[in-house]
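A.B. asks: Before I ask anything, here is the structure I am working with.
There are 2 protein chains.
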Amino acid sequence: MNNFMFKNPTKLIFGRDTVQRIGEEVKESGIDKVLLLYGKGSIYKNGIYEAAVKALKENGIEFKELSGVKANPELSKVHECIEVLKKENLQGIIAIGGGSVIDTAKAAAAGARYESDIWQVFEGNGEIKEAIPIFTVLTISSAGSEMNSCCIMTNEDENKKMAFTSDYIYPKVSIVDPAAQFTLSKEQTVNGAIDVMSRVLELYFEGVKNSDVMDEVLEGILRTIIKHVQVLINEPDNYNSRAELALCAVLPTNGYYSIGTKGCPLVSHQLEHPLSIFFDIAPGAGLSIVFPSWMKYVYKYNIKKFVRFANKIFGIEQGTEDERVLKAIELLRDFYKSLGAPVSLKEAGIRYEDLAKLAANAAELGNARTIWVLGKEDILQIYKLSYE
Amino acid sequence: MNNFMFKNPTKLIFGRDTVQRIGEEVKESGIDKVLLLYGKGSIYKNGIYEAAVKALKENGIEFKELSGVKANPELSKVHECIEVLKKENLQGIIAIGGGSVIDTAKAAAAGARYESDIWQVFEGNGEIKEAIPIFTVLTISSAGSEMNSCCIMTNEDENKKMAFTSDYIYPKVSIVDPAAQFTLSKEQTVNGAIDVMSRVLELYFEGVKNSDVMDEVLEGILRTIIKHVQVLINEPDNYNSRAELALCAVLPTNGYYSIGTKGCPLVSHQLEHPLSIFFDIAPGAGLSIVFPSWMKYVYKYNIKKFVRFANKIFGIEQGTEDERVLKAIELLRDFYKSLGAPVSLKEAGIRYEDLAKLAANAAELGNARTIWVLGKEDILQIYKLSYE
Numbered sequence: 215m216n217n218f219m220f221k222n223p224t225k226l227i228f229g230r231d232t233v234q235r236i237g238e239e240v241k242e243s244g245i246d247k248v249l250l251l252y253g254k255g256s257i258y259k260n261g262i263y264e265a266a267v268k269a270l271k272e273n274g275i276e277f278k279e280l281s282g283v284k285a286n287p288e289l290s291k292v293h294e295c296i297e298v299l300k301k302e303n304l305q306g307i308i309a310i311g312g313g314s315v316i317d318t319a320k321a322a323a324a325g326a327r328y329e330s331d332i333w334q335v336f337e338g339n340g341e342i343k344e345a346i347p348i349f350t351v352l353t354i355s356s357a358g359s360e361m362n363s364c365c366i367m368t369n370e371d372e373n374k375k376m377a378f379t380s381d382y383i384y385p386k387v388s389i390v391d392p393a394a395q396f397t398l399s400k401e402q403t404v405n406g407a408i409d410v411m412s413r414v415l416e417l418y419f420e421g422v423k424n425s426d427v428m429d430e431v432l433e434g435i436l437r438t439i440i441k442h443v444q445v446l447i448n449e450p451d452n453y454n455s456r457a458e459l460a461l462c463a464v465l466p467t468n469g470y471y472s473i474g475t476k477g478c479p480l481v482s483h484q485l486e487h488p489l490s491i492f493f494d495i496a497p498g499a500g501l502s503i504v505f506p507s508w509m510k511y512v513y514k515y516n517i518k519k520f521v522r523f524a525n526k527i528f529g530i531e532q533g534t535e536d537e538r539v540l541k542a543i544e545l546l547r548d549f550y551k552s553l554g555a556p557v558s559l560k561e562a563g564i565r566y567e568d569l570a571k572l573a574a575n576a577a578e579l580g581n582a583r584t585i586w587v588l589g590k591e592d593i594l595q596i597y598k599l600s601y602e
Numbered sequence: 215m216n217n218f219m220f221k222n223p224t225k226l227i228f229g230r231d232t233v234q235r236i237g238e239e240v241k242e243s244g245i246d247k248v249l250l251l252y253g254k255g256s257i258y259k260n261g262i263y264e265a266a267v268k269a270l271k272e273n274g275i276e277f278k279e280l281s282g283v284k285a286n287p288e289l290s291k292v293h294e295c296i297e298v299l300k301k302e303n304l305q306g307i308i309a310i311g312g313g314s315v316i317d318t319a320k321a322a323a324a325g326a327r328y329e330s331d332i333w334q335v336f337e338g339n340g341e342i343k344e345a346i347p348i349f350t351v352l353t354i355s356s357a358g359s360e361m362n363s364c365c366i367m368t369n370e371d372e373n374k375k376m377a378f379t380s381d382y383i384y385p386k387v388s389i390v391d392p393a394a395q396f397t398l399s400k401e402q403t404v405n406g407a408i409d410v411m412s413r414v415l416e417l418y419f420e421g422v423k424n425s426d427v428m429d430e431v432l433e434g435i436l437r438t439i440i441k442h443v444q445v446l447i448n449e450p451d452n453y454n455s456r457a458e459l460a461l462c463a464v465l466p467t468n469g470y471y472s473i474g475t476k477g478c479p480l481v482s483h484q485l486e487h488p489l490s491i492f493f494d495i496a497p498g499a500g501l502s503i504v505f506p507s508w509m510k511y512v513y514k515y516n517i518k519k520f521v522r523f524a525n526k527i528f529g530i531e532q533g534t535e536d537e538r539v540l541k542a543i544e545l546l547r548d549f550y551k552s553l554g555a556p557v558s559l560k561e562a563g564i565r566y567e568d569l570a571k572l573a574a575n576a577a578e579l580g581n582a583r584t585i586w587v588l589g590k591e592d593i594l595q596i597y598k599l600s601y602e
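Going line by line, the protein sequences match chains A and B.
Going by the working numbering, the first sequence opens with residue 215, and the numbers climb by one from there.
Going by the working numbering, the second sequence opens with residue 215, and the numbers climb by one from there.
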């Protein structure tokens with residue numbers, strides 16, 4: 215097992231009717247003027263906006279609103295946020311949304327206290343030393359950004375999607391009310407679940423080869439997601455399944471479930487990022503396409519672990535090692551398909567002649583800390599495996 | 215799933231050669247005069263004392279020493295600590311040891327800032343509002359006190375063993391070097407493992423009946439402990455198994471793995487406490503005696519969960535539900551026996567005529583938040599089941 219240091223300062227408030235806690239949490243932090251940041255207004259329809267605004271008013275918290283964060287968040291919105299934060303002298307950010315809104319909040323919270331353009335930090339050319347406090351109200355379980363120190367952003371002018379981590383951008387308080395996700399579409403729910411599964415699988419295949427207990431834990435999370443996302447397809451307002459999925463999403467990337475590992479390797483995200491940059495494909499959808507192919511391309515380098523996966527997740531016990539692994543990959547792909555997720559680049563509207571461009575982008579931006587370093591040629595092969 | 219709030223401020227430093235980090239961690243906290251608290255001097259023999267003292271000196275940390283904390287920690291030692299803390303105006307406590315030393319540090323850290331006798335707080339007649347910072351260097355994985363807000367103490371004058379929890383007593387920094395446990399005796403290792411297993415089993419049977427993912431996680435921890443404690447019996451210096459066990463001990467009681475549950479019910483500890491008060495039996499040894507009998511006494515009230523346990527931990531698939539559960543309890547008891555742990559009160563030197571006195575003590579002190587409230591008569595029956 216690797217040495218590790220772990221500390222996570224986020225206060226997680228989880229459960230029914232917890233959205234209204236946002237007011238008192240901000241107040242208790244001694245903050246009375248915040249930025250209220252959200253996406254495209256779905257929070258007007260499901261009552262979240264109303265509940266949050268009421269709680270803020272009741273607690274005497276003044277707020278400025280900024281909306282329009284896209285599903286694949288962009289740097290220009292971060293700049294817009296920073297301007298409002300500075301102009302209005304705001305002391306905190308309340309991010310109501312999923313990973314895109316939270317990551318925009320994180321980049322802006324750090325950017326407002328950074329001497330130069332925050333994009334420098336994404337590119338590894340600068341370091342954060344402070345950030346404005348962030349409070350989150352989660353509306354979709356997917357990226358796990360609600361309880362971690364990671365931030366992913368697209369620089370749309372430069373066609374780059376990059377990430378940074380910093381202890382300063384952990385949300386101070388995160389509210390996760392599973393019932394807030396009842397109104398998500400089937401597609402959003404499935405994309406979120408596949409995003410979480412991909413993070414778990416990455417830790418499992420790459421990071422935790424030396425820890426039995428973390429293998430056990432990650433396998434348990436995978437089985438739980440597989441079970442409950444299938445319930446949610448038919449019963450989007452099943453509270454229990456929403457809660458299971460929400461908990462599974464918080465766990466793998468908050469640090470606790472990756473301790474003893476090499477961190478969050480994000481290798482399949484390296485493969486998925488170009489799809490979102492050039493074709494605006496949601497991360498979950500991109501991952502359902504590329505993940506099985508990535509597994510097929512690399513499994514031989516760690517075959518024992520993939521054989522274990524085949525057994526623990528799909529109960530496969532028969533056949534040669536290769537047969538078992540390939541069967542498991544096929545079953546995973548079939549599972550994604552059964553959820554209605556795309557499983558080929560072609561199906562997602564990408565032309566075969568675009569693959570080289572996508573591979574070049576992925577290779578250029580690849581900052582994945584992975585045991586399998588993927589070069590441009592590897593990535594192209596994986597995209598080809600993902601094509602049909 | 216139940217609503218929950220979770221926050222754990224402890225910084226966990228885990229791995230080989232981490233003991234020496236204690237000096238810089240204390241220094242970074244702005245503290246330069248501490249109490250160094252430990253047990254009976256085993257830390258002189260295994261190099262931990264030397265490494266810690268060297269690190270403190272190198273970082274210019276002044277320290278007063280206090281030793282002699284017993285395996286079942288007593289209130290008189292807490293009072294002694296408080297006196298030294300106040301007299302010497304110390305700003306922090308470094309607890310080098312297991313749960314007994316850490317819990318003594320916690321009680322003293324709170325007691326030194328409490329206006330009256332800290333025992334009031336254990337009895338539920340007072341509340342803590344601050345505590346001196348605590349730093350720990352763990353020498354035995356057992357109670358999980360290194361990363362939680364709980365403190366258990368015996369008042370030896372009143373024959374009471376009681377607990378309290380407070381956010382103020384989370385250790386600020388906890389150092390867990392699995393190699394520091396190479397020199398533990400087989401008995402200490404086994405007792406520690408059974409202590410951890412009991413905490414996991416309590417959460418599993420009582421707390422998490424509504425969360426699939428937490429059931430999965432707790433089952434994974436149990437299987438990992440069972441595997442690695444068997445390795446350690448023969449290879450006490452197997453780093454990997456020490457690390458697995460140490461990680462399994464930190465996890466179930468740090469809050470993360472009991473989220474969505476009703477907290478740490480500690481029902482079997484209610485049964486074990488009188489054994490330590492009157493017969494000075496180590497918690498792990500007391501638990502290996504009473505836990506299987508407790509299971510036998512209560513399983514019918516939640517039989518589905520016990521059937522699941524039989525399947526997931528011992529692979530039992532055949533027989534009626536009762537047969538499967540009883541078989542699993544027998545296998546658990548056999549497993550404890552195979553580790554050399556006591557499995558009967560008689561074997562531990564307790565007379566049959568003492569059982570009523572023990573039951574009365576357990577019933578009087580029983581503050582367990584449990585779905586099975588055990589009265590004196592229930593407890594007596596369980597002790598009788600545990601006798602031979």
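Using N, Cα and C, we set each Cβ at its ideal position, and we do this for glycine too.
Does V557(B) come out as helix, strand or coil in the three-state DSSP assignment?
C.D. replies: coil
A.B. asks: Mind listing which residues of the stretch 445-465 of chain A have their C-beta closer than 7 Å to chain B's C-betas, in chain order?
C.D. replies: Residues passing the 7 Å Cβ filter: N454, A457, E458, L461, C462.
A.B. asks: Is the beta carbon of V557(A) closer than 8 Å to that of R547(A)?
C.D. replies: Against a cut-off of 8 Å, the Cβ pair of V557(A) and R547(A) comes out as a contact.
A.B. asks: Beta-carbon separation of K605(A) and L226(B) under 8 Å?
C.D. replies: Here chain A covers residues 215 to 602 and nothing more, so residue 605(A) does not appear.
A.B. asks: Can you check whether the CB of G434(B) is closer than 8 Å to the CB of E430(A)?
C.D. replies: yes
A.B. asks: Between S256(A), S482(A), F505(A), A377(A), which has its C-alpha nearest G311(A)'s C-alpha?
C.D. replies: S256(A)
A.B. asks: Buried or exposed: T438(B), going by 16 or more other Cβ atoms within 10 Å of its Cβ?
C.D. replies: buried
A.B. asks: Among I527(B), R230(B), D317(B), which one has its Cα closest to the Cα of S359(B)?
C.D. replies: D317(B)
A.B. asks: Between the stretch 373-386 of chain A and the stretch 328-340 of chain A, do at least 3 Cβ pairs fall closer than 8 Å?
C.D. replies: yes
A.B. asks: Mind pulling the chain A residues with CB within less than 7 Å of V431(B)?
C.D. replies: V431, G434
A.B. asks: Taking G229(B) as the query, report the chain A residues whose CB atoms sit under 8 Å from its CB, ordered along the chain.
C.D. replies: M215, N216, N217, F218
A.B. asks: Taking Cβ positions, are E344(B) and R327(B) nearer each other than 8 Å?
C.D. replies: E344(B) is a Cβ neighbour of R327(B), given a cutoff of 8 Å.
A.B. asks: Which residue comes first and which comes last in the beta strand (DSSP E) that contains L417(B)?
C.D. replies: Counting along the chain, L417(B) falls outside any beta strand (DSSP E), and DSSP gives it neither H nor E.
A.B. asks: Does S425(A) have its Cβ less than 8 Å from a Cβ in chain B?
C.D. replies: yes
A.B. asks: In the DSSP assignment, find the alpha helix (DSSP H) that holds A326(A) and state where it starts and stops.
C.D. replies: Looking at the DSSP string, A326(A) is not in any alpha helix (DSSP H), and its letter there is neither H nor E.
A.B. asks: Take every Cβ of the stretch 224-244 of chain B, pair it with every Cβ of the stretch 383-399 of chain B, and state whether three or more of those distances are shorter than 8 Å.
C.D. replies: yes
A.B. asks: For the alpha helix (DSSP H) containing L436(B), name the first residue and the last one.
C.D. replies: The continuous alpha helix (DSSP H) containing L436(B) extends over residues 426-448.
A.B. asks: Pull the bridge partners of I389(B) from the DSSP assignment, please.
C.D. replies: I227(B), V351(B)
A.B. asks: Per DSSP, what kind of secondary structure is G340(A) in: helix, strand or coil?
C.D. replies: coil
A.B. asks: Whole-angstrom Cβ separation of L432(A) and Y453(A), contact assumed at under 8 Å?
C.D. replies: Between Y453(A) and L432(A) the Cβ distance is about 25 Å, and since that is not below 8 Å, they are no contact.
A.B. asks: Mark A570(B) as exposed unless 16 or more other C-beta atoms lie within 10 angstroms of its C-beta, in which case mark it buried.
C.D. replies: exposed
A.B. asks: May I have the straight-line CA-CA distance separating D568(A) from L459(B), to the nearest angstrom?
C.D. replies: 50 Å
A.B. asks: Reducing DSSP to helix, strand and coil, say where G533(B) ends up.
C.D. replies: coil
A.B. asks: From the DSSP secondary-structure annotation, give me the bridge partner or partners of L489(A).
C.D. replies: DSSP output for L489(A) lists no bridge partner at all.
A.B. asks: Is R437(A) close to chain D? Criterion is C-beta to C-beta, closer than 8 Å.
C.D. replies: Among the chains of the structure shown, chain D does not appear; the protein chains present are A and B.
A.B. asks: Please list, in chain order, all residues of the same chain as L436(B) whose beta carbon is under 6 Å from its beta carbon, the five residues on each side excluded.
C.D. replies: Answer for L436(B): V414, I527, listed in chain order.
A.B. asks: Could you tell me the alpha carbon to alpha carbon distance between N253(B) and G406(B), rounded to whole angstroms?
C.D. replies: It is Gly, not Asn, that sits at residue 253(B) in the sequence shown. Roughly 16 Å separates the two Cα atoms.
A.B. asks: Does DSSP put A457(A) in a helix, in a strand, or in coil?
C.D. replies: helix
A.B. asks: If we ignore side chains and look at the alpha-carbon of each, how far apart do Y566(B) and A542(B) end up?
C.D. replies: 27 Å
A.B. asks: If we count the other Cβ atoms within 10 Å of its Cβ and call it buried at 16 or more, is N575(A) buried or exposed?
C.D. replies: buried
A.B. asks: Roughly how many angstroms separate the alpha carbons of E264(B) and E272(A), rounded to a whole number?
C.D. replies: 56 Å
A.B. asks: Of all Cβ atoms in chain B, is any one closer than 8 Å to the Cβ of L398(A)?
C.D. replies: no
A.B. asks: Under 8 Å, Cβ to Cβ, is there at least one residue of chain A near K476(B)?
C.D. replies: Only weak support exists for where K476(B) lies, its pLDDT of 49 falling under 50; the value from the coordinates is given anyway. No, its Cβ sits nowhere closer than 8 Å to a Cβ of chain A.
A.B. asks: May I ask which residues mark the beginning and end of the alpha helix (DSSP H) holding K259(B)?
C.D. replies: 256-259
A.B. asks: So is Q532(A) buried or exposed if we call it buried at 16+ other beta carbons inside 10 Å?
C.D. replies: Taking all protein chains shown into account, Q532(A) has fewer than 16 neighbouring C-beta atoms within 10 Å of its C-beta and is therefore exposed.
A.B. asks: In chain A, which residues lie with their C-beta within 9 Å of the C-beta of L299(B)?
C.D. replies: Residues of chain A passing the Cβ test: none, with the nearest at roughly 26 Å.
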